[in-house]
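Heads up: take any position in the sequence shown, counting from 1, add 1360, and you land on the numbering used here.
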Amino acid sequence: MANAIFGLRVWMALITSVNLCIVIATYAWLVPYSKSNIMDPDDGFNYNWTDIAILTASSVLFLAYLYSIWGKPRLHKFARAPLMLLPALFLLGVQLHQIQLQVKFVNMLNERNQSRMDGWEIPPMKPFSCGDMIDAPCGILQSWTFIPVIVGFFAVIEVFVTLLRGPLQPANQVDF
């Protein structure tokens, strides 16, 4: 494997591991932490399809990059490209949709608060502010919002660099 491609895949394994840690921290700690502050603690958290999609795509990308570094046999670059693009584009699409919904929701709340002010001074909310959250929960929430987008973009770039760079190993070592 070319040294530049190998280095890029090691970098991708690193950022996908950071992404997976943040996603796990979000759903294992932050969601129950914030839920216990605002809801009945006996109610369970219901995962919707976007939560499951983010968890699954993050896990698949992490495992795929570990396999691309240490796994045998290696996949041909044209077989590997769609297998890597599918979870990367899915993660990117789902997370960008989440960001769009977050911005729409905050704008809707600001419009509703503007119409109900009646002499009260209600400061407008900002789409990516933490509100009453402090330090660690705020950092995890902001990281959960943007790190999957960064991982998705880097994964797409890595696939195209791999496709354009040429063969990663001699032709007699490629397994189909």
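Built from N, CA and C at the ideal position, the CB exists for glycine as well.
Among residues of its own chain, excluding the 5 on either side of residue i, which ones have a beta-carbon nearer than 8 Å to its beta-carbon?
i, result
"I1500", "I1382, A1385, T1386, W1389, L1390"
"A1441", "V1519, T1522, L1523"
"I1429", "F1366, R1369, V1370, A1373"
"H1457", "T1410"
Using the rule of at least 16 other Cβ atoms within 10 Å of the residue's Cβ for burial, across every protein chain shown, is residue i buried or exposed?
i, result
"E1471", "exposed"
"K1437", "buried"
"M1372", "buried"
"F1368", "The amino acid at residue 1368 is misidentified as Phe; the sequence shows Leu. Buried."
"F1366", "exposed"
"A1496", "exposed"
Give the single residue among the options whose Cα lies nearest to the Cα of residue i.
i, options, result
"L1446", "R1369, F1513, A1362", "F1513"
"I1414", "S1428, L1452, K1432, L1443", "L1452"
"Q1455", "A1515, K1432, I1517, W1504", "W1504"
"F1506", "V1420, N1379, F1366, A1364", "N1379"
At what residues does the alpha helix (DSSP H) containing residue i begin and finish?
i, result
"S1419", "1409-1430"
"L1435", "Looking at the DSSP string, L1435 is not in any alpha helix (DSSP H), and its letter there is neither H nor E."
"F1366", "1363-1385"
Excluding the five sequence neighbours on either side, which residues of its own chain have a C-beta within less than 6 Å of the C-beta of residue i, listed in chain order?
i, result
"I1412", "none"
So what's residue i in DSSP terms, helix, strand or just coil?
i, result
"C1498", "helix"
"K1464", "helix"
"S1489", "coil"
"N1470", "helix"
"P1508", "helix"
"P1484", "coil"
Got a sec: is the Cβ-Cβ distance from residue i to anything in chain B below 7 Å?
i, result
"W1371", "The structure shown has no chain B; it contains just one protein chain."
Keeping to the same chain, check which residues put their C-beta closer than 7 Å to that of residue i; ignore five residues upstream and five downstream.
i, result
"P1525", "The sequence as given places Arg at residue 1525; Pro does not occur at that position. A1362, I1365."
"S1419", "L1380"
"P1487", "Q1462, V1463, V1466"
"M1444", "A1424, A1515, V1519"
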